Every structure is written in C-alpha cells, then in structure tokens.
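Enquirer: If you use this note's numbering, the sequence shown closes out at 1150, no skipped numbers anywhere.
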Amino acid sequence: MTVIDASRLTQRFGATVALDDVSFVAREGMTVGIVGESGSGKSTLVRAVLGLQRPDSGSLSILGRTVDMGRRMPRDLRRAVQLVPQDPKHTLNPARTVRSSLWFHMAAQGIRRSERQSRAADVLAMVALTPEYLHAYPNELSGGLAQRIAIARALLGDPKVLVCDEAVSALDKGVQAQVLNVLAGLQRRRKLSIVFVSHDLAVVEHMSDEITVLRAGRVVESGPTEGILRDPADPYTAELLAARHSTSPA
Ligand code: ADP
Ligand code: MG
901 MTVIDASRLT QRFGATVALD DVSFVAREGM TVGIVGESGS GKSTLVRAVL GLQRPDSGSL
961 SILGRTVDMG RRMPRDLRRA VQLVPQDPKH TLNPARTVRS SLWFHMAAQG IRRSERQSRA
1021 ADVLAMVALT PEYLHAYPNE LSGGLAQRIA IARALLGDPK VLVCDEAVSA LDKGVQAQVL
1081 NVLAGLQRRR KLSIVFVSHD LAVVEHMSDE ITVLRAGRVV ESGPTEGILR DPADPYTAEL
1141 LAARHSTSPA
C-alpha cells in the first residue's frame, strides 16, 4: 500500500529552484531513502510532505487521500505523518521537561488528558526508555537519548509514516547505529513506513528498500537500493557512493 504519493512537486525561492518536478512514493512497512548533498532540496521536500510549506505546483496524496495543498492539512493526516528532526535538542524545548514536551505534543494532536500518561509510557517503552526520563530536561540528555525521545514523541499519535530528516547526522557512529536499530525495530513491529532523508548515502543505503537521489532539486535516479548501489545510472550517484567511504560532514 502506498502511504505517501508525491508527484511532480516544484518549489522556487526567488531564483533558486529548490524542487524541480520531484516525485516519490513511500510504501507501508518500507523505507524510502532520499539522498543528496546539502542544498539539494531534501528538507524542502520534507516540509512539503508534512504540509508545512506549500509547493508552487505538484500534487500530494497521503493514505490514499489527495491533499489540498492550499489548505491546512487535516489533523488526522498530520498525525499520520510525523517528523523526526535532525537536532532534538533544538526541537525539544529546553525550558520544558520531557513530560511537558510530550504532553504539549499530545494536546496538539487531540489526545485526551486521561490517556496521556499511559501513552507516554508506551512510546518511551517503544524506544527502550523507562518513564523516569519524563522528568529530564533536554540539556540532561545525551544526543542519542534526546533522539530517542524525539522518536518517542513522533510515535505519540500512532503515525503511519516517520519522516527522518538527517535524524542521525549529528550523532557519533556508535550512537547512530543504536538509533537506527531503534527505527528498524519499530518499523518491523509496527509496519511503519519511513522516509529516511540524509546527505550520507552510507546511512541511507543501510536503512532503505528504495532510494531517490536528489541533486539541485531534481531526481537524478530512483529505484531499489541494491540496483542503485550495484549499477548507479547517474555519475552523481557514483560520486555519492565514492564519498560514503570517507568521513562525511554533519
Ligand atoms: P537540503 O535539505 O537538501 O540541504 P534544502 O531543501 O534545505 O536542502 O534547500 C534547497 C535549496 O533551497 C537551497 O538552495 C536553499 O538555500 C534553498 N532554500 C530552502 N528553504 C528556503 C527558504 N525558505 N528561502 C529561500 N531559500 C530556501
Ligand atoms: Mg536539509
């Protein structure tokens, strides 16, 4: 089943064409990787599928429903597609405890007060954390812990899709592996669809069933991961493949 179908999205910022006729699909229980160097349009694409920014043209359907991009995305669709951002320390309000951040998110999603405590404990368990972390402040958490909290927060509304935008790019390799394992385990157990966005092809290929390669706002190739790794159709992909063995900037 297709959970996100983005078709021919175009977005300009002045003279910059951030997205130029970009299409991709995300399927239930599968991971689609979106890879490309910094500035290739990845986060613009992410904002479009989350309904945070309206593209100039193109169409989007989520869970089989056509999204009217001229309007605020309906709450159930916003709830179904959740972001795991790059820097949880930035997106977790430093003045709030984890509990307060999670409660705030649940209120925004219309989750009833009486359900919030058990829902919070559930999502923390899904990322292998105990409820004691509810009392922590973001500055008391390591990067890996903060990222697991960000994943837990994304799970509060029982989403169908997690959109991970450079979600492990700020973490050390060992911690990256832990967070990727958490995501992979969740996906298996919950049939989640993951849109895994990164400049780092090494991480993307590890996670993804299919890959879409973006360069300067255009799709240069897309298809099953194995085929793309074995036989990249575009020289840019071959460059990314070569670069993944050297250390990559965050
Ligand atoms: P990536 O996430 O792949 O690094 P982005 O989607 O953030 O790429 O950016 C793609 C291009 O669009 C870049 O040239 C960036 O400078 C430009 N851009 C993104 N958002 C804006 C904006 N709000 N205003 C102007 N230019 C933007
Ligand atoms: Mg980005």
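No residue lacks a Cβ here, since even glycine has one placed at the ideal position from N, Cα and C.
Everything numeric in this text was worked out from a predicted model, so none of it was measured.
(1) Could you tell me which uninterrupted beta strand (DSSP E) segments, each at least 3 residues in length, are contained entirely in the region 1022-1077, listed from first to last along the chain?
(2) Could you tell me which of A1084, R1118, Y1033, R1090 sits nearest to R908, measuring between CA atoms?
(3) Is S957 helix, strand or coil by DSSP?
(4) If you reduce the DSSP assignment to three classes, tell me which class T997 lands in.
(5) Is it the case that the region 1084-1101 contacts the region 1011-1024, given that we only count it when at least three CB pairs across the two stretches are under 8 Å?
(6) Looking at the ligand ADP, does it come within less than 7 Å of G1127, judged from the CB to the closest heavy atom?
(7) Along the chain, where does the beta strand (DSSP E) containing V1120 start, and where does it finish?
(8) Taking the alpha carbon of E1110 as the reference point, which residue from A1102, V1120, G1127, M1026 has its own alpha carbon closest?
(9) What's the C-alpha gap between M930 and I1094?
(10) Considering only heavy atoms of the ligand ADP and the C-beta of each residue, which residues fall inside 6 Å, strictly closer?
(11) Whose C-alpha, out of R1048, N1039, A1052, is nearest the C-alpha of R1016?
(12) Quick check: what's the CA-CA separation for W1003 versus D1065?
(13) Comparing alpha-carbon positions, which option in L945, L1045, K989, A1021 lies nearest V1113?
(14) When every heavy atom of the ligand MG is checked, does at least one fall within less than 7 Å of the C-beta of D1065?
(15) Taking all protein chains shown into account, do 16 or more other C-beta atoms lie within 10 angstroms of the C-beta of A980, making it buried, or fewer, making it exposed?
(16) Based on the DSSP secondary-structure assignment, which residues constitute the bridge partners of D905?
(17) Just verifying my parser: in three-state terms, what is the DSSP assignment at Q986?
(18) Buried or exposed for T899, going by 16 or more other Cβ atoms inside 10 Å?
(19) Assign H1035 to one of two classes, buried (16 or more other C-beta atoms within 10 Å of its C-beta) or exposed (fewer than that).
(20) Buried or exposed: which applies to T916, given that a residue is buried once 16 or more other Cβ atoms fall within 10 Å of its Cβ?
(21) Are L919 and P955 closer than 8 Å when you measure CB to CB?
(22) Determine the DSSP secondary structure at L1114, reduced to helix, strand or coil.
(23) For the alpha helix (DSSP H) that contains V949, what are its first and last residues?
(24) If P988 sits next to A1050, beta carbons under 8 Å apart, how far is it from one beta carbon to the other, in whole angstroms?
(25) Would you call the region 948-962 in contact with the region 1128-1142, where contact means no fewer than 3 C-beta pairs closer than 8 Å?
(26) Which same chain residues end up closer than 6 Å to E937 when comparing Cβ atoms and leaving out the 5 residues on each side of it in sequence?
Expert: Walking through what the data contain:
(1) 1061-1065
(2) Ranking the options by Cα distance to R908, first place goes to R1118.
(3) strand
(4) Of the three classes helix, strand and coil, the one that applies to T997 here is coil, per DSSP.
(5) The region 1011-1024 vs the region 1084-1101: no contact.
(6) no
(7) 1118-1124
(8) G1127
(9) 6 Å
(10) F913, T916, A918, G936, S938, G939, S940, G941, K942, S943, T944
(11) A1052
(12) 23 Å
(13) Among L945, L1045, K989, A1021, the Cα nearest to that of V1113 belongs to L945.
(14) Yes, the ligand MG has a heavy atom inside 7 Å of this Cβ.
(15) With 16 or more Cβ atoms within 10 Å of its Cβ, A980 is classed as buried.
(16) V925, S961
(17) coil
(18) Since the first and last residues shown for the chain are 901 and 1150, residue 899 lies out of range.
(19) exposed
(20) By the beta-carbon neighbour count (other beta carbons within 10 angstroms, threshold 16), T916 is exposed.
(21) yes
(22) strand
(23) 942-949
(24) Confirmed, about 4 Å.
(25) no
(26) H1099
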